[in-house]
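Chains as they are written, first to last, in this note's numbering: chain C, 1 to 401; chain G, 1001 to 1620.
The C-beta atom is built at its ideal place from N, Cα and C for all residues, glycine as well.
This report refers to the structure that appears directly beneath it.
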Amino acid sequence: MKFTQTVAAVALATAAGIASMAANAADVIKVGEINSYSRLPAFLDPYRKGWELAVEEVNANGGIKGKQLEIIARDDGGKPGDAVKIAEELVNRDEVTMIAGTFLSNIGLAVTDFAKQNKTFFLAAEPLSDAIVWSSGNRYTFRLRPSTTMQAAMLAKEAEKTGAKKWATVAPNYAYGKDAVAAFKSELLKLVPDAEFIEEQWPTVFKIDAGSTVRALEASKPEAIFNVTFGGDLAKFVREGNLRGLFEGRTVVSLLSGEPEYLEPLKDEAPEGWIVTGYPQGAIDDPAHQKFFAAYEAKWNEAPKLGSIVGYNVIASIATLLEKAPAYDAETLVDTMENLSVSSPSGDFIYRKQDHQSTMGTWVGKTTVVDGKGEMVDWFYADGNDFQPTDDEVLKLRPDQ
Amino acid sequence: MTAGFIFAQFLTGLSSASSLFLVASGLSLIFGVTRIVNFAHGSFYMLGAYLAYHLIEWLPTGILPFWGSVICAALIVGVVGVIVEVVILRRIYHAPELFQLVATFGIVLVMQDAIFALFGGEDKFGSRAPGLNGVVRIFDEPIPQYDLALIALGPVVLISVWLLLNKTRWGTLVRAATQDRDMVAALGVNQAWLFTSVFFLGSALAGLGGAVQVPRESINLLMDLSIIAEAFVVVVIGGMGSIVGAFLAAVLIGELNAFGILIMPQITIVLAFLVMAVVLIVRPWGLLGKPDAIQHAGDQIDMPLREASLPGKLVGLLVIAALVAVPYVLDDFGIVLATDIIIFALFAASLHFLMGNSGMVSFGHAAYFALGAYASALVFRHLGGSMELALLIGPIAAVVGALVFGWFCVRLSGVYLAMLTLAAAQIIWSITYSWGDVTGGDDGMLGIWPSEWARSKPVFYYLTLVLCGGGVLILRKITHAPFGYVLRGGRDSSVRTESIGIHLLRHRHFGFAVAGLFAGIAGSIYVFSKGSIFPDEAAIPRSIDGLVMVLLGGVHTLAGPLVGAGVFRLLEDWISRLDFWRAILGTIIIVLVVVAPQGIAGFFHTLAIRFGLAKGRESL
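Structure follows, in structure tokens:
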């Protein structure tokens, strides 16, 4: 009997617990931010540092229309279901003006769908999946970072110049890897109709058997390799490939590998002469970027990574939007965001009205080793605006519009 | 494909096998003696890698410092293992075996955050091993020297451990304990020190396994969970407690991966689990494992279940009334959270029905949750967007899945049963993950929202309450029905149950399907509450969530899973906004397990008995 009462007590306490977490409004603008901080600290630590710097700057300059900007950042632990639950909480309990963030594509997509269903403004920061703005795109979702297809198109343009015809691909066996290979194939075939793809390898993500993968690629004797592996998989692939001479005399085109998050851990084993998208940090002499770089270094005692600039640009976008928007309901925010131009350390970009993709670009260059660490050389900034589908294509790709 | 190429691939497979063996041998050793299914073994592996990496970076480059660092790292990990054993695990050897599993899961969470705090979050990539940084040409194929060293290391460790086990007095005692630890204790052997020393050796082997990975793997915070599943597979294929078996299994898995990648790259994701399933079906105790000669008493035999007393029923009615009142009392998010908790209460209750009531431990219960969820999503997508139809078909799919997998699973018992359920769940997971055209793969399925009438949060809450809360009540009824008693009888003594003419296998099979059905109902509702479904719902962490909920609440109390689901989901929601929340959650789990091995509900019940406020077992 006593036991049953304790259960009842626990149940009541539970109910009371749920009820007790009410939010109190102050003179701030609240923005909800969801990301997989505990799951992927390697990428999201720099990201967090980036947006924290930006928020500090915005608030030090008097905030937005006199109100302070407050970010409520939450950890989804890498689970899409939990991300949706947190989104509900941010909207219903914390009463945030909008939601931003996400890194993993599946979580980005789950929140994209939530935004559509709940008519909540959502700015997807990092996820690369094309589906976020195309097949699953909707009125309430915008995306900042250049998509898989945009980056693959940038690389295809450089790959064309190498003259290589026989290609092998290696990509992690999940949506991102498959999308990237498909996008690169179609973009390259547009430019080089007689290119052949003679081998493809699909190692399990974060579990690459690098020796075997390298052997299988070697066996097909390609002229060039398109690589999508990243993080630990990339490190192992590079090491085994170097050891076994896979890259000798071959062109290698590699997605994201120039980002400091991936290039720095390779140290002196960073590959030579790969054509990559990435972020040549200190070498960018644009004044806006130099100002950002100095402020970031002063605050965090380290150089920014690509995630840092994405984090910074998220806040830059949000601040610009909130400054310009006459009201903060979702419909007005969406209308204001369409064709909104944002100034940022990486250059100006706009949020396209057609598909809600930003035209933020990325840097394309070659890798090399200087003083025992990997760097990008011969780089240039590829403007995202030059790598967009035509408006007719967009109409076909976005069934919801 | 030349002969040289095939041979080179064979060697690559062997070197992976060596690494896998080091980890698996420690796991097997620890399980053999202590019967602990040690989830934290992967964390020891990760810790070994981090320690070795930093020692190697810190010491001057050279062959001696390199191997010195590797051995030092292994020894430090061994000491950490001893600390964990003495401080935590030693206190719970007499708790039900599953409690130890949950405690080790708590350790995993704490270690993840501890390693993050100590060593930072960025990926690390060790330098190559001095003296072994080139390649050797064999049949004109380049083979990394370090791979050859690893290939040699595996058998060296195998022989050393074998000698230790077979030629020393300590080894004799360990083998004796593996066979019958109660007898060893009765003969006056200090079990505590025996267990601690085994834990030292096992952890040190895991640390060594991690340390030798530094020159070939990237060191990151996902290493622990990525190795542990595979290590379990190797241990189970080889036979729990058999070191030679672990070696054979490691070679088998290593080679299958090496050649699988050439023939069917996509299948490597699930190959190991397929092999494990086949081995378990053909040889239920693994390649070299032996059936348990001694029947361990295991869990204490339970007091019989009683129907709730009148006051108990009244309290039950009050709880139901409180649940009905939720939408009038709480704000929108409160309703969402309550919906979430009720769904997971049914999920946990269905797992409890399988584990607590029927004695069939499942490590892969998420499979049926996900089957229900995916079937609902597919019906919704392809049959005209009807939520009602989807909610009907989803659970049916889960039952069919449970009947198919259950047919194989119920033939086994204990840890082998648990591992086969895990294999089943991994197969479901890999299908949802790889079959992109149908399931959307990693990108999942989106836009699965409730019908118009059920879209408001209170209405959907009531729908959940009726389906899931009703499910919980029906499960309770089944537990109290003769069918439930038969399953309990089979759990406590299969021999006696069968001797009175009950076809136990058939009952267990049916019980498995019932558990699958209710997990499927929970899954079907879950999709509509989130609007989307992803393969994560079938993955190992979801199954562990279920186990944690059941065990937090208490295995032997019917209200346990409900309390557990509520406490776990609320805890997660509250503390996930803190830094290092995983360490906090892990610590809470460990403390609960040590202080209240009978779970929260069971803990209060025991208290009530101690103060004379309750007698015997009652059920809510």
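Q. Within 8 Å (strictly less), CB to CB, does G/GLY1447 reach chain C?
A. For G/GLY1447, the nearest CB of chain C lies under 8 Å from its own CB, placing it at the interface with that chain.
Q: Between the Cα of G/LEU1348 and those of G/LEU1132, G/LEU1547, G/ALA1423, spot the shortest distance and give me the residue it belongs to.
A: Before going on, a small fix: residue 1348 of chain G reads as Ala here, not Leu. With distances taken between Cα atoms, G/ALA1348 lies closest to G/LEU1547.
Q: For G/PRO1060, decide whether its Cβ has a neighbour in chain C, counting only Cβ atoms nearer than 8 Å.
A: At a cut-off of 8 Å between beta-carbon atoms, G/PRO1060 makes no contact with chain C.
Q: Compare the C-beta of C/SER346 against all C-beta atoms of chain G and say whether one is closer than 8 Å.
A: For C/SER346, the nearest beta carbon of chain G is not closer than 8 Å to its own beta carbon.
Q.
Taking the beta strand (DSSP E) that C/LEU123 belongs to, which residues open and close that run?
A. Element bounds for C/LEU123: 122–124.
Q) So, is C/GLN357 buried or exposed, given that buried needs 16 or more other C-beta atoms within 10 angstroms? A) With 16 or more other Cβ atoms within 10 Å, it is buried.
Q: Give the residues of chain G in contact with C/ALA124, contact being defined as C-beta atoms less than 7 Å apart.
A: The premise fails here: C/ALA124 is roughly 13 Å from chain G at the closest Cβ pair, so nothing lies under 7 Å.
(Q) To the nearest angstrom, how far is the alpha carbon of C/LYS49 from that of G/ASP1579? (A) Answer to the nearest angstrom: the Cα atoms are 15 Å apart.
**Q.** G/THR1172, buried or exposed, once every other Cβ within 10 Å from all chains shown has been counted against 16
**A.** G/THR1172 is exposed by the Cβ-count criterion.
Q | Residues near G/LEU1389 in its chain [Cβ-Cβ closer than 7 Å; skip 5 each side] | A | Same-chain partners within the cutoff: VAL1379, LEU1383.
(Q) Let's see if you can read the secondary structure: which residues bound the alpha helix (DSSP H) around C/THR169? (A) Element bounds for C/THR169: not the alpha helix (DSSP H) but the beta strand (DSSP E), 166–170.
**Q.** Proximal residues of chain D, C-beta to C-beta of C/GLU89 below 9 Å
**A.** Of the protein chains in this structure, namely C and G, none is chain D.
Q | Euclidean distance between Cα positions of C/LYS185 and G/ARG1455 | A | Between the alpha carbons of C/LYS185 and G/ARG1455 lies a gap of roughly 42 Å.
(Q) With the cut-off set at 8 Å, would you say G/ALA1204 and G/LEU1075 are in Cβ contact? (A) Going by C-beta atoms, G/ALA1204 is nearer than 8 Å to G/LEU1075.
Q.
My output table needs one value for C/ALA195: the three-state DSSP class, helix, strand or coil.
A. In the displayed model, C/ALA195 falls within coil according to three-state DSSP, outside both helix and strand.
Q: Kindly examine the ligand GDP and report whether one of its heavy atoms sits closer than 7 Å to the Cβ of C/ALA295.
A: Inclusion of the ligand GDP in the displayed structure is not the case, the ligand content being empty and no account of it being possible.
Q | Interface residues of the segment 94–121 of chain C facing chain G [CB-CB below 8 Å] | A | Residues passing the 8 Å Cβ filter: SER105, ASN106, LEU109, ALA110, THR112, ASP113, PHE114, LYS116, GLN117.
Q. With DSSP run on the structure shown, which of helix, strand or coil describes C/LYS267?
A. In this structure, C/LYS267 counts as helix in the three-state DSSP scheme.
**Q.** Separation of G/ASP1492 from G/SER1499, as counted between CA atoms
**A.** If you draw a straight line from the Cα of G/SER1499 to the Cα of G/ASP1492, it comes to about 13 Å.
(Q) Please report the distance separating the alpha-carbon of C/TYR279 from that of C/GLU259. (A) A direct Cα-to-Cα measurement between C/TYR279 and C/GLU259 gives close to 5 Å.
(Q) I need the boundaries of the beta strand (DSSP E) containing C/GLY365, first residue and last residue. (A) In the DSSP assignment, C/GLY365 falls within the beta strand (DSSP E) that extends over 362–370.
Q | Three-state class that DSSP yields for C/TRP379 in the structure shown | A | C/TRP379 falls in the strand class under three-state DSSP.
Q. What separation, rounded to the nearest whole angstrom, lies between the Cα atoms of C/ARG39 and C/TRP51?
A. The straight-line gap from Cα to Cα measures roughly 18 Å.
(Q) Taking beta-carbon pairs under 8 Å, can you tell me which members of the segment 1243–1262 of chain G lie near chain C? (A) If the cut-off is 8 Å between Cβ atoms, the segment 1243–1262 of chain G has ASN1257, ALA1258, ILE1261, LEU1262 near chain C.
Q: Classify G/HIS1365 as buried or exposed, calling it buried when 16 or more other Cβ atoms lie within 10 Å of its own Cβ.
A: Around the beta carbon of G/HIS1365, 16 or more other beta carbons lie within 10 angstroms, which makes this residue buried.
(Q) Just to confirm the assignment: which complete alpha helix (DSSP H) runs, minimum length 4, are found wholly within the segment 224–288 of chain C? (A) You should have 231–243, 260–263.
(Q) Could you check whether the Cβ of G/GLY1444 sits closer than 8 Å to any Cβ belonging to chain C? (A) At least one chain C Cβ lies under 8 Å of G/GLY1444.
Q: Look up G/PHE1125 in the DSSP assignment and say whether it is helix, strand or coil.
A: If DSSP states are grouped into helix, strand and coil, G/PHE1125 belongs with the strands.
Q | For G/ASP1332, the three-state DSSP class (helix, strand or coil) | A | When secondary structure is reduced to three states using DSSP, G/ASP1332 falls in the helix class.
Q: Give me the Cα-Cα distance between G/GLY1154 and G/VAL1244, rounded to the nearest whole angstrom.
A: Those two C-alpha atoms are separated by around 11 Å.
Q: Go through its chain and collect everything with a Cβ distance to C/ARG143's Cβ below 6 Å, but skip five positions before and after it.
A: Leaving aside the five residues that flank C/ARG143 on each side, the residues in its chain whose CB is nearer than 6 Å to its CB run, in chain order, ALA124, ILE132, VAL133, GLN357.
Q) Would you say C/GLU196 and C/LYS166 are within 8 Å of each other, going by their C-beta atoms? A) The answer is yes: Cβ separation under 8 Å.
Q. Quick one: Cα of G/ASN1357 to Cα of G/VAL1594, how far?
A. About 23 Å.
Q | Other residues of its chain near G/CYS1072: CB distance less than 7 Å, five sequence neighbours each side excluded | A | Around G/CYS1072: LEU1055.
Q) Per DSSP, G/GLY1489 is paired with what? A) DSSP output for G/GLY1489 lists no bridge partner at all.
Q: Would you list the residues sitting across from C/ILE99 in a DSSP beta bridge?
A: According to DSSP, C/ILE99 shares a beta bridge with C/GLY32, C/PHE122.
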